[in-house]
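Residue numbers (our numbering), protein chains in the order written: chain A, 24 to 468; chain B, 55 to 190. Cβ coordinates follow ideal geometry from the N, Cα and C atoms, glycine included.
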């Protein structure tokens, strides 16, 4: 494959579509806490779905169809058709639905699918949600239980890291990618290596940038009650006897796990669910009579997929998806007020923001190291805490980012509210070796 | 030409067993797909013919393996790195290059792209393609 990927020209939606309601559970380790140990897929998805309906001022009767995302339903839930198994939980029994899985990009493509369904005219109002148990699996407790067919109706147990890593192999093509060895192993450091080489910064500067991204994400999460990890690294450093947070971040407490990547630059896999109500904008007065906030219009969504044998798959797919969405929407990079990047490998956060023009080419690392991308900076990124601190409930993460984006745009984020009320936001979804989606949303006038 | 239902993957691996590295060349635009697939990603044509890959290539980026990106099985490779490979025939993909160490990494990075040569490598149960540094 040549450097230039195939390209797609997007066309405008047949009608305007808006997000009118959002819901999100805390991102958590459910089995670690007696209050949450035992929660099920229906309870998690159902909570997020009903919160989104409540937020939109609609009832299940107003919603025509639902989309369901779960990245790894067989491993995490022992389900093949997870959308059906929760179908009685939120008042929509008998209505149509579909399950989809694009691994860590699921929650972003959940928006794509819902918007397309409404823009086409087929449905006026749909629910799009996702749930993931990233930290636990159905537990075999009885003498006749097996991993494949546990007989207990709801108990779960921690998912060992070895089992998680083994199942991540399912993300990669069995015919060539796994055989060639390099494709799945480049995911951790390819983007950081590319940044160092093409921007001409040193490995030390990249190390500092990676650490600052983790610090900034945690600063944001510290002020987010839904986030998984809320203790700031400065405080952790002090507890461990370090005067300076960067000394801690460079220490064996934060070991190198990749060629450049350190431990705190990786996702915190966990459990969670999130959902959105997506509605035809012109139907809002009829369907959502009780809507108490401005709708958030979806201006456009770029999509690209670049399988992992292709060099710099994340970069190339992001470039194409960003190109598409800017071309379609005519939005300029300088109009983006808030940026989200699915940063389960934290380097995404820097590189995607530069590709989108949200941070200037070759200068983004400086913005990050100066703290300008934290919630209280002038170029906020991942104000919920990102995948390293908010947590990564794989399929649900994209919708959790959409929840945060909408709440920021409504000015409802309290302590972590960004300085300037965002009018236009871009979300860069990524995952599944590798799907990419770039979503631009704007507060409706 | 009409598309045929054929075993491209099996032929590729059987080729390795015979000491041949195979790709598929587009009969319309001449682009070579490696690893081999049905249709040309350059022009979209699915009239493709099998070709033997020469093995000359360039490496355009260098990432060293680390805790997350290595397995006990990979020790048999010796010292190696991952990176973007560009075949003489034009195909680009992610591959393994043997002979890159922490010591020579900086020197090699400064010289990128560097010449490499394909080799057939025995894994547990099947053969695959890796690359070796070409000394200049």
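How would you label residue 188 of chain A, buried or exposed, when you count the other beta carbons within 10 angstroms and need 16 or more for buried?
If you number the first chain from 1, residue 188 of chain A lands on position 165. Exposed is the call here.
Pairwise C-alpha distance: residue 334 of chain A and residue 220 of chain A:
In the first chain, counting from the first residue as 1, residue 220 of chain A sits at position 197. In the first chain, counting from the first residue as 1, residue 334 of chain A sits at position 311. One C-alpha to the other measures close to 15 Å.
Roughly how many whole angstroms lie between the Cα atoms of residue 312 of chain A and residue 253 of chain A?
Sequence index remark: in the first chain, residue 312 of chain A carries index 289 (1-based). Sequence index remark: in the first chain, residue 253 of chain A carries index 230 (1-based). Distance between the alpha carbons of residue 312 of chain A and residue 253 of chain A: 37 Å.
Residues that residue 288 of chain A contacts on chain B, provided the C-beta gap is smaller than 7 Å
Within the first chain, residue 288 of chain A is the residue found at index 265, counting from 1. Going along chain B, no residue has its Cβ under 7 Å from residue 288 of chain A, so there is no contact; the nearest lies around 11 Å.
Alpha carbon to alpha carbon, what distance is there between residue 127 of chain A and residue 193 of chain A?
As a working note, residue 193 of chain A is residue 170 in the first chain. As a working note, residue 127 of chain A is residue 104 in the first chain. Each residue's Cα considered, the two are about 13 Å apart.
Applying a beta-carbon distance threshold of less than 7 Å, which residues of chain A neighbour residue 158 of chain B?
Position 104 of the second chain, counting from 1, holds the residue named residue 158 of chain B. By Cβ distance, chain A contributes nothing, its closest Cβ being about 15 Å from residue 158 of chain B, past 7 Å.
Are residue 415 of chain A and residue 292 of chain A close, meaning C-beta to C-beta below 8 Å?
Mapped onto the first chain, residue 415 of chain A falls at position 392. Mapped onto the first chain, residue 292 of chain A falls at position 269. Yes; because the gap between Cβ atoms is below 8 Å, this pair is in contact.
Taking 8 Å as the CB-CB cut-off, is residue 138 of chain B touching chain A?
Residue numbering aside, residue 138 of chain B sits at position 84 when the second chain is read from its first letter. Yes, residue 138 of chain B lies at the interface with chain A (some Cβ there is under 8 Å from its Cβ).
Taking 8 Å as the CB-CB limit, is residue 119 of chain B close to chain A?
Here residue 119 of chain B is taken as the residue at index 65 of the second chain, counted from 1. Yes, because at least one Cβ of chain A sits closer than 8 Å to the Cβ of residue 119 of chain B.
When you compare the CB of residue 179 of chain B with every CB in chain A, is at least one pair closer than 8 Å?
As a first step, residue 179 of chain B is located in the second chain; it is residue number 125 there, counting from the start. Residue 179 of chain B does not count as touching chain A.
Nearest by alpha-carbon distance to residue 451 of chain A: which of A:342, A:159, A:226 is it?
Taking the first residue of the first chain as 1, we reach residue 451 of chain A at position 428. Minimum Cα distance to residue 451 of chain A is reached at A:342.
Going along chain A in order, which residues have a C-beta closer than 9 Å to the C-beta of residue 77 of chain B?
Within the second chain, residue 77 of chain B is the residue found at index 23, counting from 1. Result: empty, since nearest Cβ-Cβ is about 12 Å, beyond 9 Å.
Nearest-angstrom Cα separation, counted from residue 327 of chain A out to residue 255 of chain A
Numbered from 1 along the first chain, position 232 holds the residue referred to as residue 255 of chain A. Numbered from 1 along the first chain, position 304 holds the residue referred to as residue 327 of chain A. If you take the alpha carbons of residue 255 of chain A and residue 327 of chain A, they lie about 35 Å apart.
Which value, in whole angstroms, describes the spacing of the CA atoms of residue 296 of chain A and residue 449 of chain A?
Numbered from 1 along the first chain, position 273 holds the residue referred to as residue 296 of chain A. Numbered from 1 along the first chain, position 426 holds the residue referred to as residue 449 of chain A. If I take the Cα positions, the gap works out to 21 Å.
Three-way DSSP call (helix, strand, coil) for residue 138 of chain A in this model:
Residue numbering aside, residue 138 of chain A sits at position 115 when the first chain is read from its first letter. In the structure shown, residue 138 of chain A sits in a helix (DSSP, three-state: H, G or I).
In whole angstroms, what is the alpha-carbon distance linking residue 25 of chain A and residue 84 of chain A?
By 1-based counting over the first chain, the position of residue 25 of chain A is 2. By 1-based counting over the first chain, the position of residue 84 of chain A is 61. Confidence at residue 25 of chain A is low in this model, with a pLDDT of 42, below 50, so its placement is unreliable and the value that follows should be read with caution. The alpha-carbon atoms of residue 25 of chain A and residue 84 of chain A are separated by roughly 50 Å.
Can you say whether residue 431 of chain A is buried or exposed, counting buried as having 16 or more other CB atoms within 10 angstroms of its CB?
Locating residue 431 of chain A in the first chain gives position 408, where the first residue counts as 1. Residue 431 of chain A should be labelled buried.
Please list, in chain order, the chain A residues whose beta carbon lies closer than 8 Å to that of residue 182 of chain B.
For the purposes of this step, residue 182 of chain B is taken as residue 128 along the second chain, with counting starting at 1. Those within 8 Å of residue 182 of chain B in chain A are 202, 203, 204.
Counting only C-beta atoms, is residue 211 of chain A closer than 8 Å to chain B at any point?
Numbered from its first residue, the first chain carries residue 211 of chain A at position 188. So, interface residue.
When you compare the CB of residue 340 of chain A with every CB in chain B, is at least one pair closer than 8 Å?
Locating residue 340 of chain A in the first chain gives position 317, counting from the first residue. So no, residue 340 of chain A is outside the interface.
Please look up how many angstroms separate the CB atoms of residue 413 of chain A and residue 50 of chain A, rounded, as I've assumed it's under 8 Å.
Stepping through the first chain from its first residue, residue 413 of chain A is reached at position 390. Stepping through the first chain from its first residue, residue 50 of chain A is reached at position 27. Yes, they are in contact, since the Cβ atoms of residue 413 of chain A and residue 50 of chain A sit about 6 Å apart, within 8 Å.
Span of the beta strand (DSSP E) holding residue 320 of chain A?
Start at 1 with the first residue of the first chain, and residue 320 of chain A comes out as number 297. Per DSSP, residue 320 of chain A belongs to the beta strand (DSSP E) from 319–328.
Contacts around residue 458 of chain A, its chain only, beta-carbon distance under 6 Å, and the 5 residues preceding and following it disregarded:
Within the first chain, numbered from 1, the residue matching residue 458 of chain A stands at position 435. Counting only Cβ-Cβ distances below 6 Å, and skipping sequence neighbours, we find 125, 128, 328.
Quick one: grab the DSSP three-state call for residue 354 of chain A.
One-based indexing of the first chain puts residue 354 of chain A at position 331. The answer is coil: DSSP assigns residue 354 of chain A none of H, G, I, E or B.
Pick out whichever of A:162, A:390, A:284 has its Cα sitting closest to the Cα of residue 63 of chain A.
Counting from 1 along the first chain, the entry for residue 63 of chain A is found at position 40. For residue 63 of chain A, the nearest C-alpha among the options comes from A:162.
Three-way DSSP call (helix, strand, coil) for residue 389 of chain A in this model:
One-based indexing of the first chain puts residue 389 of chain A at position 366. Residue 389 of chain A: helix per DSSP, three-state reduction.
When Cβ atoms are compared, which residues of the stretch 266–283 of chain A fall closer than 7 Å to chain B?
279, 280, 281, 282
Can you pull the chain A neighbours of residue 167 of chain B, defined as C-beta to C-beta under 8 Å?
Stepping through the second chain from its first residue, residue 167 of chain B is reached at position 113. Within chain A, no residue comes near residue 167 of chain B; the closest Cβ sits about 11 Å away, beyond 8 Å.
Between which two residues does the beta strand (DSSP E) holding residue 95 of chain B run?
Residue 95 of chain B sits at position 41 when you count from the first residue of the second chain. Where residue 95 of chain B is concerned, there is no enclosing beta strand (DSSP E), given that its DSSP letter is neither H nor E.
Taking DSSP as the reference, what is the three-state secondary structure of residue 82 of chain B?
Sequence index remark: in the second chain, residue 82 of chain B carries index 28 (1-based). The answer is coil: DSSP assigns residue 82 of chain B none of H, G, I, E or B.
Find the residues of chain A that neighbour residue 115 of chain B, judging by a C-beta separation of less than 7 Å, and give them in chain order.
Walking along the second chain from the start, residue 115 of chain B turns up at place 61. Near residue 115 of chain B (Cβ distances below 7 Å), the residues of chain A are 216, 217, 220.
CA-to-CA distance, residue 281 of chain A to residue 289 of chain A, given in whole angstroms:
In the first chain, residue 289 of chain A corresponds to position 266, counting from 1. In the first chain, residue 281 of chain A corresponds to position 258, counting from 1. Taking the straight line joining both Cα atoms gives about 10 Å.
Cβ pair residue 116 of chain A, residue 89 of chain A closer than 8 Å:
Taking the first residue of the first chain as 1, we reach residue 116 of chain A at position 93. Taking the first residue of the first chain as 1, we reach residue 89 of chain A at position 66. It is not a contact, given that the beta carbons lie outside the stated cut-off.
Report the rounded CA-to-CA distance for residue 69 of chain B versus residue 172 of chain B, giving the unit in angstroms.
The residue given as residue 69 of chain B occupies position 15 in the second chain. The residue given as residue 172 of chain B occupies position 118 in the second chain. Using only the alpha carbons, I get a separation of about 14 Å.
Smallest Cα separation from residue 332 of chain A: which of B:147, B:177, B:110?
For this step, residue 332 of chain A is matched to residue 309 along the first chain. Looking at the Cα atoms, B:147 is the closest of the given residues.
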